[in-house]
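Read top to bottom, the protein sequences are chains A and B. In this text, residue positions in the first sequence follow my numbering: the first is 32, and each later residue adds one. In this text, residue positions in the second sequence follow my numbering: the first is 32, and each later residue adds one.
Number of protein chains: 2
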Amino acid sequence: MVTAPENSGDPGRELAEQLNRRLRNVVLLLRQVAADEPVTSQQASVLGSLEGGPLRMTALAAEHGVRLPTMTAQVNRLERDGLVTRGRDGQDARVVTVEITPRGRTLLLATRERRIAFLTGRLAELGEERRAAIAAALPALDMLFEPPGRT
Amino acid sequence: MVTAPENSGDPGRELAEQLNRRLRNVVLLLRQVAADEPVTSQQASVLGSLEGGPLRMTALAAEHGVRLPTMTAQVNRLERDGLVTRGRDGQDARVVTVEITPRGRTLLLATRERRIAFLTGRLAELGEERRAAIAAALPALDMLFEPPGRT
DNA sequence: CCAGCTAACTTAGACTGGCTAAGTAACCGA
DNA sequence: TCGGTTACTTAGCCAGTCTAAGTTAGCTGG
């Protein structure tokens, strides 16, 4: 097909184009799946960060790649909906900690379960060989989508 | 490690969990990369749809999985920025067609080029073996992220 | 032939989620 | 104790999504 011979100077340029075209479908599908959830994907993502224990605002913002004011607004909404609570740090009175509530935890688990069930269903349709291909590519995909590495 | 023996009833459940965890990084990285572009990823996506010729509003909305009013707003912004023009269909006076302008086309190509360059760079760091693994998984990934198929 | 339904858009209004700039309160160092 | 820095919030802007309601054009059945 399009596997032209002049790939020489750019190993993976062709592959990059292929991936780029596919990424649109990924985004579309993610939106579709997230559509009828009780929490948005951002909210679920933040709740996921809090699963292991409370975090401060700065840590949350950094982990999600957003500015502090964005996280303030996000936590406001989560708090309003009873999914997290704000707390204070003993050491430093400036610090605000955010903790997931039991309700938040329940919602998070249910949401994750639905997402995984969806993916599992899709994977089941693929057949063993294709699943193996994806599994084999996981380490590579990990590196490919690794958070923007510093140097 | 976690590859427990009771995978039997659910081929791919484990893989689904792996993928689910990775998807967050994909989203994060996409946001990061899109951050300093002159057009948003949605705008670029719509422009991409128009590359092959004018489309009507309904077709655009369907293709991007959004409601008509959303597409109206999107096209308003694109038109305001001189990237598309609205037209009328000869047959049916209710129909609005949207066409990409030369400026829109230029911007689209430049944006796509930067995205592909970014991916190419990432892929170059991976090494031949990992690139091959990703290439081998492409057909499977295609099926996995295929738009929600109706039966 | 026209009355009323349907289809294609747009408008209005609300919400999430992102940003910058500016405000406030607490910490820390000289 | 004063001045700078840090941690967060507030205010205000914009993109992008939705639903509900409006407008205009096509279509159909008496």
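Even for Gly, the Cβ is constructed at its ideal location relative to N, Cα and C.
* Asked: Would you call Gln63 (chain A) buried or exposed, if buried means 16 or more other Cβ atoms sit within 10 Å of its Cβ?
  -> exposed
* Opening and closing residue of the alpha helix (DSSP H) in which Gly152 (chain B) lies -> Pro133 to Leu157
* To do: Evaluate the contact criterion for the segment 47-60 of chain B versus the segment 106-121 of chain B: three or more CB pairs, one atom per stretch, below 8 Å.
  => no
* Asked: DSSP on Glu82 (chain B), reduced to helix/strand/coil?
  -> coil
* Compare the C-alpha of Leu78 (chain A) against each of A:Arg134, A:Gly96, A:Leu46 and A:Gly152 and name the closest. => A:Arg134
* Run down chain A in chain order and give the residues with a C-beta less than 7 Å from the C-beta of Val57 (chain B). => Chain A residues near Val57 (chain B): Val57 and Phe176.
* Close Cβ partners of Pro42 (chain A) (< 8 Å) along its chain, the five nearest in sequence each way excluded -> none
* From Arg146 (chain B) to Leu139 (chain B), what distance separates their C-alpha atoms? -> Those two C-alpha atoms are separated by around 11 Å.
* Taking only heavy atoms of the ligand FMN into account, decide whether any of them is closer than 7 Å to the Cβ of Leu91 (chain A). => For the structure depicted, the ligand FMN is absent and the ligand set is empty, with no information on it obtainable.
* Given a limit of 8 Å on CB to CB distance, which residues of the segment 55-87 of chain A reach chain B? -> Arg55, Asn56, Val57, Val58, Leu59, Leu60, Leu61, Arg62, Gln63, Ser72, Ser76 and Gly79
* Apply the 10 Å Cβ neighbour rule to Gln49 (chain B) and answer buried if 16 or more other Cβ atoms are within range, or exposed otherwise. => buried
* CB-CB under 6 Å to Val30 (chain A), same chain, minus the five flanking residues each way: which ones, in chain order? -> As shown, chain A starts at 32 and ends at 182. That puts residue 30 (chain A) outside it, with no answer to give.
* Which class does Met102 (chain B) belong to by DSSP, given the choice of helix, strand or coil? -> helix
* Assign Thr151 (chain A) to buried or exposed, taking buried as 16 or more other Cβ atoms, counted over all protein chains shown, within 10 Å of its Cβ. => buried
* **The alpha helix (DSSP H) enclosing Thr89 (chain B), as first and last residue numbers** => Per DSSP, Thr89 (chain B) belongs to the alpha helix (DSSP H) from Met88 to Glu94.
* To do: Give the secondary structure of Arg117 (chain B) by DSSP, where H, G and I count as helix, E and B as strand, and everything else as coil.
  => strand
* Asked: So with Cβ pairs under 8 Å, would you call Pro100 (chain B) a contact of chain A?
  -> Chain A contact via Cβ: absent.
* **Paired residues, beta bridge with Val127 (chain B) - DSSP** => Answer by DSSP bridge pairing, in chain order: B:Arg119.
* Asked: So Phe176 (chain B) packs on Arg53 (chain A), CB below 8 Å; how close in whole Å?
  -> 7 Å
* To do: Express the C-alpha separation of Asn51 (chain B) and Glu144 (chain A) in angstroms, rounding to a whole number.
  => 10 Å
* To do: Please go through the same chain and pick out, in chain order, the residues whose beta-carbon is closer than 8 Å to the beta-carbon of Glu94 (chain B), but skip the five residues on each side of it.
  => Ser80 and Leu86
* To do: Please check if any C-beta of chain B sits within less than 8 Å of the C-beta of Gln105 (chain A).
  => no
* Short CB-CB distance (under 8 Å) between Leu2 (chain A) and chain B -> Lying outside 32 to 182, the shown extent of chain A, residue 2 (chain A) is not represented and no answer is given.
* Asked: Given Ala23 (chain A), which residues of its chain have a CB within under 6 Å of its CB, disregarding the five upstream and five downstream residues?
  -> Missing from the structure shown is residue 23 (chain A); chain A here goes from 32 to 182 and no further.
* Interface positions of the segment 42-54 of chain A facing chain B (Cβ-Cβ less than 8 Å), listed along the chain -> Pro42, Gly43, Arg44, Leu46, Ala47, Glu48, Gln49, Leu50, Asn51, Arg53 and Leu54
* Alpha carbon to alpha carbon, what distance is there between Asp120 (chain B) and Phe149 (chain B)? -> If you draw a straight line from the Cα of Phe149 (chain B) to the Cα of Asp120 (chain B), it comes to about 39 Å.
* To do: Go ahead and pull the three-state DSSP assignment for Glu45 (chain A).
  => helix
* Spatial neighbours of Thr188 (chain B) in its chain, beta-carbon cut-off 8 Å, leaving aside the 5 residues before and after -> Here chain B covers residues 32 to 182 and nothing more, so residue 188 (chain B) does not appear.
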